[in-house]
Each structure stands twice: as C-alpha cells, then as structure tokens.
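Order-wise, the sequence lines are chains A and B.
Under our numbering, the letters of the first sequence match residues 45 to 155, in that order.
Under our numbering, the letters of the second sequence match residues 138 to 247, in that order.
Please read the structure below before turning to the comments.
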Amino acid sequence: ETGVTQTPRHLVMGMTNKKSLKCEQHLGHNAMYWYKQSAKKPLELMFVYNFKEQTENNSVPSRFSPECPNSSHLFLHLHTLQPEDSALYLCASSRQGAEAFFGQGTRLTVV
Amino acid sequence: RKEVEQDPGPFNVPEGATVAFNCTYSNSASQSFFWYRQDCRKEPKLLMSVYSSGNEDGRFTAQLNRASQYISLLIRDSKLSDSATYLCVLLRGGYQKVTFGTGTKLQVIP
C-alpha cells in the first residue's frame, strides 16, 4: 500500500461510453500525475497537476479529460475512446523534487 | 537522441550473479534520479534514489556520473525475486519534467 488508491482496478467500456477513473492520495503530496502504459511500451506521461493546477498536458487527445478538484484527488474522464486506448492507466503523486508513488492502476479495455 | 536511454535487455543471469544496468541521459539539467522496479502487469515501485556520492541499500548499489551523464544500478547476489523490469527516472524543474526510461528487463534463472 503506497498511499495512492485508484478505482476501478479494471474497466471495460464501449467506444460510445463515458466513464471516469479516480485517484486519491493520502500522502500530503502537492503534485499528481496520470500515466498511460500500453502493452510492451514505456510509461507515457499524460498530465501533471501541481497544487490543483494543470502544469503539463503531454499532447493528449481531448477524449481524455483530467480534473483535479483538490490536491488529494485526481480524475480522468473518458469519452468516445478507441480500442488503441486500451492500456494500464497509472496515477502517481509526489512532493516537489522527490520521487513519485504510484497507485495500482486501472486496466482499461475499450471494445 | 532520446532524453533517457536504457538497454531493454533481457538480461538473463543465474542466481547469485552480479548484474549491472546503466541509464544514460541527454539533459544535463536533470536534477534528481531514481531507480524503480516494475513487475509484470503491476505499477512501478521505487527501488532507490540515486545520490551524487553513490548509495547502497543491501544488495543494491546506485551511482550517478554527472560528467558522463549516466546512472547505474548494481545488483549483487541476484535472487529469483529480483526478476523484473528496472526503470530509471529523471526529474528536473520540480514537478513538471519527469522522464522514465523504457526499462531494462532482468530475468534471474535458477
């Protein structure tokens, strides 16, 4: 248990569905991140939030919409996804200049 | 040139062997360095930070060479449980620039 909790752990959704991934951290960190990891590919940074403000959007398609209501919670809203968006979505948090701690991830399958 | 480069492996080593991985980076402004391990279908977990003076944690030794722009991880007396993918991570600019290497796969063989 790293103090970063993601729900759901597994999600199967159709291309016309709308769903949301949730991340919560209990570590008092100021930064939160969304990463995507496709099969046999490296981690790809998607979004960074620092004190609730988005500081990085790594050219992510608009069908992925992040939301950070406070420093402890991070959401990733999904709509009209494509099968190639199937991947492991990882949330992480950190203090400035320090290592990141990851949640267990949501394994997403788009059908 | 990629910002971070790692040999993907796999490194297949017998139990008890010593194995070392390097990770090279291109941006000299990189400030903090870490090694993570990732087991198959699991999230990355912090293995150790890498300090300029080098640091050791049990069988694991990490080193940073700023002049040549690489970090290294040495694993002594390999165990079967060390089998995983080892990711190097660079941090610069505080929160904004976190870069993961593609990982080096280690397989320890009985």
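Just so you know, even glycine gets a beta-carbon here, dropped at the ideal spot from N, CA and C.
Just so it is clear, the structure is predicted and the values come from calculations on it, not from any experiment.
Would you mind telling me which residues of chain A sit closer than 7 Å to residue i, beta carbon to beta carbon, in chain order?
i: Glu-180(B); result: Leu-134, Phe-146, Gly-147, Gln-148, Gly-149
i: Ser-165(B); result: The premise fails here: Ser-165(B) is roughly 17 Å from chain A at the closest Cβ pair, so nothing lies under 7 Å.
i: Phe-171(B); result: Glu-143
For residue i, I'd like the list of residues in its chain whose CB is within less than 6 Å of its CB, leaving aside the five on either flank, ordered along the chain.
i: Glu-100(A); result: Val-92
i: Ser-189(B); result: Leu-201
i: Ser-186(B); result: Phe-171
i: Thr-153(A); result: Val-56, Ser-130
State the DSSP-derived secondary structure class of residue i, mapped to helix, strand or coil.
i: Pro-110(A); result: strand
i: Pro-127(A); result: helix
i: Asp-176(B); result: coil
i: Leu-211(B); result: strand
i: Leu-87(A); result: coil
i: Ser-165(B); result: coil
Could you spell out where the beta strand (DSSP E) holding residue i opens and where it closes?
i: Lys-63(A); result: 62-69
i: Thr-198(B); result: 197-202
i: Gln-14(A); result: Nothing in the structure corresponds to residue 14(A), since chain A is present only between 45 and 155.
i: Asn-149(B); result: 148-151
i: Met-57(A); result: 54-57
Name the chain A residues whose beta carbon is nearer than 9 Å to that of residue i?
i: Gln-168(B); result: Gly-141
i: Ser-186(B); result: Ala-142, Glu-143
Which residues in chain B sit within 7 Å of residue i, going by Cβ to Cβ distance?
i: Leu-89(A); result: Val-235
i: Pro-110(A); result: The contacting residues do not exist; Pro-110(A) stays about 15 Å from chain B at best.
Taking 7 Å as the limit between beta carbons, can you name the residues of its chain near residue i, skipping five residues before and five after?
i: His-123(A); result: Lys-62, Arg-107
i: Leu-217(B); result: Glu-152, Val-245, Pro-247
Pop quiz: residue i and residue j are said to be a contact at Cβ under 8 Å. What is the actual Cβ separation, rounded to whole angstroms?
i: Asn-164(B); j: Glu-140(B); result: 6 Å
i: Gln-175(B); j: Gly-240(B); result: 7 Å
i: Leu-89(A); j: Ser-137(A); result: Actually they do not touch by this definition, with Cβ atoms about 14 Å apart.
I'd like the list of long-range same chain contacts for residue i, defined as Cβ closer than 8 Å, with 5 residues on each side in sequence excluded.
i: Lys-96(A); result: Cys-112, Pro-113, Asn-114, Ser-115
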